[in-house]
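Quick notes on the structure that follows.
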Amino acid sequence: MVVVLGIESTAHTFGIGIVSDEPRILADSRFNYTPEKGGIHPREAAESFIRSGPSVLKEALDRAGLSLRSIDAVAVALGPGLGPCLRVGATTARALASYYRKPLVPVNHAVAHIEIGKMLTGARDPLVVYISGGNTVITAKYGGRYRVFGETLDIALGNFMDTLVRELGIAPPYVIEGVHALDRCSEGGRYIDLPYVVKGQDTSYSGLLTAALRAVRNGARVEDVCFSAREIAYSSLVEVAERGIAQLGKSEILLVGGVAASRYLVEKFRVLAEHRGLNLYVTPPKYAVDNGVMIAWTGVLLFKHGVTVDPEKAVVRQRWRLDSVDIYW
Ligand code: FE2
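Numbering (the numbering used here), first residue to last: 4 to 332.
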């Protein structure tokens, strides 16, 4: 049996997961940074990770009933993400790997979102819709890599949703009982005209954000603006996903990333799946958001294929692209 400890620290979560290759989740500990107001402040987040890191690590090892000596490898998300946050995870991983003489496994955070989704749902060869606060990507495995078949040209879908409700003064908190503030404030809304942008296979949300905020300033009802902005943002994503399905001839769709927890968006994809006779797989909300388990599990896959890195060479890569990573499984 192979047991890997995985460290996640790319954005607002410092997480440590311990996973075996059976596969079994042996531990899942997390600390979530929540800014007092506004968006994520990378340096503040990193400092909070440094403070809480030791207790997160201890909790994970206690839960698993393991010591660091009995772990086979240490995996860490080296990117993509926010520099100061990434460096906390990388430093921790390098120190643990060096001190305990364990192999160090470099994990791409985007690949990890996909792999935990596949492992937990049983999806085999899906078109993957990866949607989170930092990413909006349509991807599928082809020729040994996850190729990108569409992405946002500017801000990510989750960033768009969070910024809109924050600017309107109705969040944080962004998500209450699995329902995003944008879904809440859309209730009873009617459609108004806002820009719908799809360029080729790519989506765009920054123009929509600006137009939505301007509409409210010009007197439009908040529920109408929220409803319309949401419909447009979600529909443009479903449109490019549908085209990806048609182009690639896939029979499965897998939703991964924090926004995959949005019930209303899942509903839209359910309609698409029924319409086209596809199997829809949705990563369980607990593991759709950032966590250490997904890093540990991808670490297991990489480690079993011999992918490790010298601690001295394990540097963070803030813009590490999904489609530059070789996938051996
Ligand atoms: Fe993420």
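Ideal Cβ positions, reconstructed from N, Cα and C, are used throughout, including at glycine.
- In the structure shown, residue 11 falls within a strand segment according to DSSP collapsed to helix, strand and coil.
- Boundaries for residue 225: no beta strand (DSSP E) harbours it, while the alpha helix (DSSP H) harbouring it runs 225-251, taken from the DSSP string.
- Chain order is used for the residues whose beta-carbon lies nearer than 7 Å to a heavy atom of ligand 1, namely 13, 14, 112, 116, 135, 137, 138, 260, 261 and 293.
- Burial check for residue 194: the Cβ neighbour count within 10 Å stays below 16, so the residue is exposed.
- Beta-bridge partners of residue 129 (DSSP): none assigned.
- By a beta-carbon distance limit of 8 Å, residue 71 contacts residue 99. Their separation comes to about 6 Å.
- The beta carbon of residue 124 sits closer than 6 Å to the beta carbons of 284 from its chain, once the five residues preceding and following it are set aside; these are given in chain order.
- Counted as a single uninterrupted DSSP element, the beta strand (DSSP E) harbouring residue 144 occupies residues 139-145.
- Between residue 218 and the set 13, 151 and 167, the nearest pair of CA atoms involves 167.
- Secondary structure at residue 21: strand, using DSSP grouped into helix, strand and coil.
- A distance below 6 Å between beta-carbons, with the five flanking residues on each side excluded, links residue 207 to the following residues of its chain, in chain order: 156, 157 and 200.
- Boundaries for residue 284: no alpha helix (DSSP H) harbours it, while the beta strand (DSSP E) harbouring it runs 282-285, taken from the DSSP string.
- When the beta-carbon positions are compared, residue 69 and residue 311 stay at least 8 Å from each other.
- By the criterion of a C-beta distance shorter than 7 Å, residue 60 is surrounded in its chain by 19, once the five residues flanking it on both sides are discounted.
- Short of 6 Å from the beta carbon of residue 209, and not among the five residues preceding or following it, lie these beta carbons of its own chain, in chain order: 157 and 158.
- Ranked by Cα distance from residue 164, the first of 212, 48 and 140 is 212.
- The Cβ neighbour count for residue 11, taken over all protein chains shown within 10 Å, is at least 16; the residue is labelled buried.
- Counting every other CB atom within 10 Å of its CB across the protein chains shown gives residue 331 a total below 16, marking it as exposed.
- Residue 255: not part of any alpha helix (DSSP H); member of the beta strand (DSSP E) spanning 255-259, first to last residue.
- Around the beta carbon of residue 35, fewer than 16 other beta carbons lie within 10 angstroms, which makes this residue exposed.
- In the DSSP assignment, residue 30 falls within the beta strand (DSSP E) that extends over 27-35.
- The beta carbons of residue 33 and residue 13 sit about 13 Å from each other, so the pair does not count as a contact at 8 Å.
- For the pair residue 120 and residue 261, the CB atoms are not nearer than the 8 Å cut-off.
- Ranking 93, 94 and 83 by CA distance to the CA of residue 116 puts 83 first.
- When the Cα atoms are used, residue 263 and residue 269 turn out to be separated by approximately 7 Å.
- Within a 10 Å sphere around the beta-carbon of residue 297 sit 16 or more other beta-carbons, which makes this residue buried.
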